[in-house]
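**Q** Before I ask anything, let me first share the structure, which is written out below as structure tokens.
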Amino acid sequence: MLYVITGPPAAGKSSWIQARAKPTDVVIDLDRITLALSGPGAPNWNQDEILRKVALRARFAALDEAIKHRDRTDVYLIHTMPSPKALARYRRLEAKVVAVDPGRDIVMQRVRDMRHEGMIAVATRWYNRQAKAKVQPVGRQASRAW
């Protein structure tokens, strides 16, 4: 099964997956990929433009390979704000799309406390788009120990 996990920055998408995925499942997380490709001492949420471009290419390649195996292992993809085209692809792949959202106030506070200031705009955009989307957020849950 392919699970596509959406939600604003700092919503708890990684924690949602961590609570469900088995060690043999495939987890495709752009933040983790970027960190893996970053030099020593890079921040956990590295927003370096070149590294993000390289990481995006790696993410696409990982997804293309992982979906070939979704009948034998679960695949979890974090995609904060998929485009309509991406959502259509995920539907064709019979993915389960899950929106993780602990609430705007919590997310904005987490972003201010833990993330790059540019992520406030991303979170705002996510909430503006979510109002129009058909994806229903999962219930509130504990996330990382912030």
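Residue numbers are given in my numbering: position 13 of the sequence shown equals residue 3, and the series is strictly consecutive.
We put the beta carbon where it would ideally sit given N, CA and C, even for glycine.
Remember, it's a predicted structure, so these values are computed and weren't measured experimentally.
(1) Are Val101 and Leu(-8) close, meaning C-beta to C-beta below 9 Å?
(2) Hey, would you say Ile23 sits closer than 9 Å to Arg49, going by beta carbons?
(3) Thinking C-alpha only, which one of His106, Ser28, Ala111, Arg60 is nearest Tyr80?
(4) Please specify which runs of the alpha helix (DSSP H), each continuous and at least 4 residues long, are wholly inside the segment 3 to 70, giving them in chain order.
(5) Would you list the one or two residues that DSSP bridges to Leu83?
(6) What separation, rounded to the nearest whole angstrom, lies between the Cα atoms of Leu20 and Asn36?
(7) In chain order, what residues of the same chain lie with their CB nearer than 6 Å to the CB of Ser133, ignoring the 5 residues before and after it?
**A** Put simply:
(1) Translated into the one-based positions of the sequence shown, residue 101 becomes position 111. Translated into the one-based positions of the sequence shown, residue -8 becomes position 2. No, Cβ-Cβ distance for Val101 and Leu(-8) is not below 9 Å.
(2) The residue given as residue 23 occupies position 33 in the sequence shown. The residue given as residue 49 occupies position 59 in the sequence shown. A contact, by the Cβ cut-off of 9 Å.
(3) Taking the sequence shown and counting its residues from 1, the one referred to as residue 80 is at position 90. That would be Arg60, whose Cα lies nearest to the Cα of Tyr80.
(4) 3 to 8, 20 to 27, 39 to 56
(5) Numbered from its first residue, the sequence shown carries residue 83 at position 93. None, per the DSSP bridge assignment.
(6) Stepping through the sequence shown from its first residue, residue 20 is reached at position 30. Stepping through the sequence shown from its first residue, residue 36 is reached at position 46. If I take the Cα positions, the gap works out to 10 Å.
(7) Counting from 1 along the sequence shown, the entry for residue 133 is found at position 143. With a pLDDT of only 49 at Ser133, under 50, the local geometry of the prediction cannot be trusted, and the value read off the model is given with reservation. Around Ser133: Gly2, Ser5.
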